[in-house]
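J.: I have a structure here, written as structure tokens, and I will follow up with some questions on it.
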Amino acid sequence: MDAQYQTGIDEIDAQHLEIEQVANAVIEAVAAKDAWHSVHYLVVRLYELLRFHFAVEESLMRIISFPDVVEHKRVHDEILQTIERMKVATLEPKGEAVRGRLAQEFSFLPHIVDHDRKLADFVVGFGGLARQQGGA
Ligand SMILES: [Fe+2]
Ligand SMILES: [Fe+2]
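This is how it looks when you write it as structure tokens:
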């Protein structure tokens, strides 16, 4: 994962990494024209990971009084709605039109954690949560 998106909180960074890996697996499954149920399973897995992760982040934002919590949550909700549409789309009958649309929609998946940069910066500036220096 791109270092600029790392929050310095191991748990959050580990969740981002897993989300990124499953998002990439979705893209690879679509590109490889895997069976619809394989793609669907991965999208459901991605949705569950995101739902949990967003709840954790929203809780953290309230704890540290992150000023952009409303806007950040709005982005979370939009992403969840998009993934929800993908879940439904992967259940539709196969066809080039559906595959083309999915490939287009899935192209944004690797960037799903990009919006956390401001949160990461704020977390670093928050006195109670210092970046780990390793070792100590
Ligand atoms: Fe995140
Ligand atoms: Fe986020």
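Per our numbering, the sequence shown starts with residue 300, numbered consecutively.
The beta carbon of each residue, even a glycine, is placed where N, CA and C say it ideally should be.
Determine the burial state of Glu-356: buried for a count of at least 16 other Cβ atoms within 10 Å of its Cβ, exposed for fewer.
T.: As a first step, residue 356 is located in the sequence shown; it is residue number 57 there, counting from the start. Buried, because 16 or more other Cβ atoms sit within 10 Å of the Cβ of Glu-356.
J.: Determine the burial state of Asp-415: buried for a count of at least 16 other Cβ atoms within 10 Å of its Cβ, exposed for fewer.
T.: Numbered from 1 along the sequence shown, position 116 holds the residue referred to as residue 415. With 16 or more other Cβ atoms within 10 Å, it is buried.
J.: Return the CA-CA distance between Asp-301 and Gly-307, expressed in angstroms with no decimal places.
T.: Here residue 301 is taken as the residue at index 2 of the sequence shown, counted from 1. Here residue 307 is taken as the residue at index 8 of the sequence shown, counted from 1. When rounded, the distance between both Cα atoms is 13 Å.
J.: Quick check: Glu-391 and Tyr-346, are their CB atoms within less than 8 Å of each other?
T.: Working through the sequence shown from its first residue, we reach residue 391 at position 92. Working through the sequence shown from its first residue, we reach residue 346 at position 47. No. Outside cutoff.
J.: Whole angstroms are fine: how far does the CA of Leu-348 sit from the CA of Met-385?
T.: For the purposes of this step, residue 385 is taken as the residue at position 86 of the sequence shown. For the purposes of this step, residue 348 is taken as the residue at position 49 of the sequence shown. Approximately 15 Å between the Cα atoms of the pair.
J.: Could you tell me whether the segment 309-317 touches the segment 368-380, where touching means 3 or more Cβ pairs closer than 8 Å?
T.: They do not touch, by the three-pair rule.
J.: What residue range is occupied by the uninterrupted alpha helix (DSSP H) comprising Phe-421?
T.: Locating residue 421 in the sequence shown gives position 122, counting from the first residue. Residues 416-424.
J.: Once the 5 residues before and after Ile-411 are set aside, which same chain residues still bring their CB inside 8 Å of it?
T.: Position 112 of the sequence shown holds residue 411. For Ile-411, where only same-chain residues beyond five positions count, the Cβ hits under 8 Å are Ile-318, Glu-319, Ala-322, Leu-349, Ile-378.
J.: Leaving out the 5 sequence neighbours to the left and right, which residues in its chain are closer than 8 Å to Val-342 when beta-carbon positions are compared?
T.: In the sequence shown, residue 342 corresponds to position 43, counting from 1. Val-325, Ile-382, Met-385, Lys-386, Thr-389.
J.: Taking buried to mean at least 16 other C-beta atoms within 10 Å of its own C-beta, is Ala-402 buried or exposed?
T.: As a first step, residue 402 is located in the sequence shown; it is residue number 103 there, counting from the start. When all chains shown are included, Ala-402 counts as exposed.
J.: Using the beta-carbon count (16 or more within 10 Å), is Phe-405 buried or exposed?
T.: One-based indexing of the sequence shown puts residue 405 at position 106. It counts as buried.
J.: Mapping the DSSP letters down to three states, classify Ala-330 as helix, strand or coil.
T.: Here residue 330 refers to the residue found at position 31 when the sequence shown is read from its first residue. Of the three classes helix, strand and coil, the one that applies to Ala-330 here is helix, per DSSP.
J.: Is any non-hydrogen atom of ligand 2 found closer than 7 Å to the C-beta of Glu-310, if you look at the structure I gave you?
T.: Numbered from its first residue, the sequence shown carries residue 310 at position 11. Incorrect: Glu-310 has no Cβ contact closer than 7 Å to ligand 2.
J.: How about His-522 and Leu-418: are their beta carbons less than 8 Å apart?
T.: The chain is shown only over 300 to 435; residue 522 falls outside these bounds and no answer can be derived.
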